[in-house]
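**Student:** First residue of the sequence shown: 3, per this note's numbering; consecutive thereafter. From the three backbone atoms N, C-alpha and C, an ideal C-beta is built for every residue, glycine too. To start, I am sharing the structure in question, which I have written as structure tokens.
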Amino acid sequence: MHEALTGLLDTADLALAATREAIGEMESVARLINDARVRLDHPEDALVVALAGGTGSGKSSLFNALVGSEAAPVGQIRPTTSEPVAAIPGAYGSSFDGYLDLLGIATRVTHSHSGFCLIDLPDTDSVVVANRHRVERILPRIDVLVWVVDPEKYRDAALHHRYLRELAGYQSQFLFVLNQVDRLGPDDAAAVEADLAEALREDGITEPRIIRTSVPPDLPPTGVDDLLAALASLAGWPETLYRKLIIDLGQAATEMEAAIGKPVGYRDLMAPALDFAVACVLVGDRKGAVDSLTRLVDDVAGRVGGEPGRRIVRAGAALPEGVERVVAAFKRVPYPHLPLPRKGIVEISGGAAASRTKKITYRGS
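The following block contains the structure:
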């Protein structure tokens, strides 16, 4: 999947280059594509996870409880967190240094858990504008976001309107924490959680995953192990990262549509074409992959029309060479290391790939 995504990023670069002259500089699209490419250059079996939330949510106390140290400052003066802090799995050494440099995170500690690099972000509602801007610059580059709320401000308009509704398309990458539940009785905690879930559904987040936690200063924390277990269930699955990057590419496609000025339906065209192309790559079917991606380029070009469409067709001429690189890369990866689902079996249906094989089994499953 890594190589297939890299090939897709190459195709996106070609499409972007083909349309730039016609529709102007598309800086945000180029940035999305570049960010995805940079992320693939860093560890894929450890997720970049961030704690995001407003002032007084107890986010930094939760961060310290998760990593087992007093790495993030905690206090009554707001905003407490003005500089982001990153905690890196000790086993990864300096593997994340380049990515954290890109994010502008200088304060770094290590932790003993495996599978995720954890970041404590500045407050999303900070009165310091520079802090909010820093959050908004980092958020798109995070694999999994843990939104931390407290019993008083869980319906805060700034959080819901400025962030959650705008980012609802990434809901599969979200976890929600109702923190400071030690301030509530059991019935009240259940009622607040239910109301939070309703507020999130109003934001377009259909099945929010909510975990209750508390980190009181003089008592043992609660719910921290549940949150660690939830993160562990995501960590080690490259699919979590790939899903986020595919959503990014879908967002880039939407922005291209907006720049072109008419609906093209990239998302509807892209999904089946890419699914089939990846299936073909997995069984070494170069022609099937090229044909699928070529049809995608032709369909998009036809919908765009005019000179932009012709530029897209010309850019698509590089697809066969790109597919050759992807197939060659897959051949160099030993079966146990292919990023396929852990069950060890991938069902492939439809077309030439299905006629070759119905199951792909790799050793070590």
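#1: Count the CB pairs spanning the stretch 122–131 and the stretch 50–58 that are closer than 8 Å, and state whether there are at least three.
#2: May I ask you to list the residues that DSSP assigns as paired with L53?
#3: For L177 versus E195, is the C-beta spacing smaller than 8 Å?
#4: Do you know how far the Cα of S116 is from the Cα of A93?
#5: Out of K61, A67, V51, point me to the one whose CA is closest to L221's CA.
#6: I believe A191 touches R214 by the beta-carbon criterion, under 8 Å. Please report the beta-carbon distance rounded to the nearest angstrom.
#7: Measuring only the C-alpha atoms, how far is L102 from D227?
#8: Would the beta-carbon of P86 fall within 8 Å of that of I140?
#9: Answer with buried or exposed for D127, where buried requires no fewer than 16 other C-beta atoms within 10 angstroms of its C-beta.
#10: Would a C-beta distance cut-off of 8 Å place L198 and V151 closer than the cut-off?
#11: Can you tell me whether A89 is helix, strand or coil according to DSSP?
#12: How should A108 be labelled, buried or exposed, when 16 other C-beta atoms within 10 angstroms of its C-beta is the threshold for buried?
#13: Check this for me: beta carbons of C119 and P153, under 8 Å apart or not?
#14: By Cβ distance, which residues of its chain are closer than 7 Å to G225, with the 5 residues on each side in sequence left out?
#15: Among all the DSSP beta bridges, which residues are the ones paired with S216?
#16: I'd like to know whether the C-beta atoms of V69 and H135 end up nearer to each other than 8 Å.
#17: Mapping DSSP to helix, strand and coil, what is L229?
#18: For R110, which beta-bridge partners are listed by DSSP?
#19: Taking L64 as the reference, which of G206, R167, L230, L104 has the closest Cα?
#20: Grab me the residues of V50's own chain with a C-beta within less than 6 Å of its C-beta, minus the 5 sequence neighbours each way, in chain order.
**Tutor:** Result, derived from the coordinates:
#1: Contact between the stretch 122–131 and the stretch 50–58 is present, because at least three Cβ pairs lie under 8 Å.
#2: L53 is bridged to D122, V148.
#3: no
#4: 8 Å
#5: Comparing Cα-Cα distances from L221 to each of K61, A67, V51, the minimum goes to A67.
#6: 6 Å
#7: 26 Å
#8: Cβ distance < 8 Å, so P86 and I140 count as in contact.
#9: Result: buried.
#10: yes
#11: strand
#12: exposed
#13: Cβ atoms of C119 and P153: not closer than 8 Å.
#14: I213, R214, T215, S216
#15: S216 is bridged by DSSP to T224.
#16: no
#17: helix
#18: According to DSSP, R110 bridges with A88.
#19: L230
#20: C119, I144, D145
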